[in-house]
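Enquirer: Here's a structure for you.
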Amino acid sequence: MEKNVIITIRGLQFVQNDEEVEPVEVVTPGEYYKKNGQHYLLFEESVEGFGETTHNLMKFRKDHLEVRKKGLVNVHMVFEENKKTLSYYQTPYGIMNMGIAATRIQMDEQKDNIDVRVDYALNLNENYVADCTIYMNVKSRDSGNFSLES
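In structure tokens:
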């Protein structure tokens, strides 16, 4: 995989009646590297209506995903299969206590493409919110296999 990549992250939430909520999708350029068997992604994220950007660092391997956000939003989320982790999620609107219980982490790595899927239960301020899924795709920018269609 080359250093310059296109990152697609899609999140789904399933509320208590198993009804799927509209997915949130981000497609952004970023930087990729791999060190000691662990994958690293660096990218910037902007939120409409706010001038400040958020710097993102994602570290992942077969059974583990870490997401660090610094800037407009500040959080350090850890997803480990069959473990519950706690974090503080700082937003422009206040701080929330976040609980993450990952039930499945899958990764498929090819030469110029990596797919990651994480299923987890989300709690905010000690209250169950939803069962969620994150789909992430990382492609080399020069792979020629990029499309905005889903």
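Counting along the sequence shown from 1, when you hit position 13 you're at 69 in our numbering, and nothing is skipped either side. Even glycine gets a Cβ: it sits at the ideal position worked out from N, Cα and C.
#1: Look at the Cβ atom of Leu68, then the Cβ atom of Gly86, and state whether they are nearer than 8 Å.
#2: Look up Val82 in the DSSP assignment and give the residues it is bridged to.
#3: Using a 10 Å radius around the Cβ and a threshold of 16 neighbouring Cβ atoms, would you call Thr64 buried or exposed?
#4: Quick check on DSSP: helix, strand or coil for Asp198?
#5: Apart from the five residues on each side of it in sequence, which residues of its chain come closer than 6 Å, Cβ to Cβ, to Arg211?
#6: Compare the beta carbon distance of His132 and Phe116 with 8 Å and say whether it is the shorter of the two.
#7: What number of angstroms, rounded off, separates the C-alpha of Asp164 from the C-alpha of Lys140?
#8: Which ranges would you report for the alpha helix (DSSP H) in the region 114-165 if only whole runs of at least 4 residues count?
#9: From Val194 to Met152, what does the alpha carbon distance come to, in whole angstroms?
#10: Step through the CB atoms of chain C and report whether any lies within less than 8 Å of the CB of Ile63.
#11: Taking the alpha carbon of Glu81 as the reference point, which residue from Gln146, Asp168 and Val103 has its own alpha carbon closest?
#12: Rounded to a whole number of angstroms, what is the C-alpha to C-alpha distance between Leu113 and Lys125?
Expert: In this structure, then:
#1: No.
#2: Beta-bridge pairing links Val82 to Ile65.
#3: It counts as buried.
#4: In the structure shown, Asp198 falls within a helical segment according to DSSP collapsed to helix, strand and coil.
#5: Summary: the structure shown does not reach residue 211, with the chain confined to residues 57 through 206, and so no result is reported for it.
#6: No; because the gap between Cβ atoms is not below 8 Å, this pair is not in contact.
#7: About 24 Å.
#8: The region 114-165 contains no whole alpha helix (DSSP H) run of 4 or more residues.
#9: So the two alpha carbons sit approximately 29 Å from each other.
#10: Of the protein chains in this structure there is only one, and it is not chain C.
#11: Selected option, being the one with the closest Cα: Val103.
#12: Approximately 7 Å between the Cα atoms of the pair.
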